Structures are given as structure tokens and as C-alpha cells.
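Take 77 as the starting number for the sequence shown in my numbering and just add one per residue. We treat Cβ as the ideally placed atom computed from N, Cα and C, and that holds for glycine. Just so you know, these numbers come straight off a predicted model, no measurement behind them. Notes follow the structure.
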Amino acid sequence: MPEQSQLFLRKVTFAWPSGKKALDDCSFDIPGPGLWMLVGSNGCGKSTLFKLISGLIKPQSGFLHCNFKPALMFQNPDHQLLMPSSKSDVMLSLPGNLTEHEREERIATAMTQVGMSGLETCPIHTLSGGQKQRLALAGALASKATLLLLDEPTALLDPLSQQKVLSIVKTLCHRSQDPL
């Protein structure tokens, strides 16, 4: 295990049930906090890699070690927003051992951080695409994740919504090394 690395993969391989190989002997290290970008063409395995790091799927071979607490934000927020209201969806990201006051405080803070304060009771189906993406980000922030995996977070958004999401990400990148 590399002494300084917070996240590392060694010869990780993953193929989907169809037999299509998404990753083949993938190896890399992320030594610590910072802004790290994964760039590649469509279909090269970026989303699969994020699912592996976040624990949604397991490598079929190789080794993955992650000291971070990951939170994955999907490209399409409709694939991860499950509850009827904004507040109830963010609440899904919270640990079960919090008091009611702590839950309310974390939800309010996360909603404020993404510019959605006051929309806690808003039904998710009434939100715009940009608001849904920011709500997904609020869930990640409320979870106190230390590794935020953003899978093309602006791909489905109009230019104004793209700017809002990127502004939030930029702000997060300039914060101290405290948990997200």
C-alpha cells in the first residue's frame, strides 16, 4: 500500500454482464485532497470507475483502497433523487445517529450552500434540471463526504445552470481540507 495515497487502484478490472470490459488493469493513486479530474472519451469507463470508488459495484479483479468517504453525483440527477421532496431526499444522505436538530441543521446548511434555501418542501418533480443537480450535490454535502465524485455534473444543463453548478464546485475546491 502506498504510504501517502488516500485512494489507489492496482490492476482493477471490471466487465459488465454483457461481457463489455469497462476497465482493464486500471492503476492510479490520488495522494490526498485536492481537485482531481478524470478525462476520457465516451465509453472509456469513467462512470464505472466512479461506481467502483463509491462502492456501488466491486472490482472483478485487482485491488482498490479508499481512505476517503465518497459521495457520487450522477450525470443525470433523476437517477439518484428518490424521495418526493427536496428535504426528504437530502435526509437520505445523513447518518442515522444524528439528533433531529443536527439533521435539520445539516439539511439547511447544504441547501444554502447550493443556493436552494427555502426549497426544502418543494416536490422534486417540479424542480428544473439545474435545481435537481444542485439538490444531488446538497445530499453529498450533507453526508460530510471527503471525496466528491462528480460524473459530468453539467452535461444535461443549460448554460446558466452549468455556471451555478461550476461556481459551487469552485467554492468547494477553495475551502480548507475540512470534509465537504
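| Query | Result |
| --- | --- |
| For residue 165, three-class secondary structure by DSSP | helix |
| Span separating the alpha-carbon of residue 83 from that of residue 139 | 11 angstroms |
| Within 8 angstroms, strictly: CB atoms of residue 206 and residue 246 | no |
| Local conformation of residue 206 per DSSP, three classes | helix |
| Alpha helix (DSSP H) segments (min. 4 residues) lying fully within the segment 154-201 | 162-167, 176-189 |
| Buried versus exposed call for residue 242 [16 or more other C-beta atoms within 10 Å across all chains shown] | exposed |
| Rounded C-alpha distance that separates residue 110 from residue 249 | 7 angstroms |
| Range covered by the alpha helix (DSSP H) that runs through residue 241 | 235-249 |
| CB-CB length for residue 124 against residue 98, believed under 8 angstroms | 4 angstroms |
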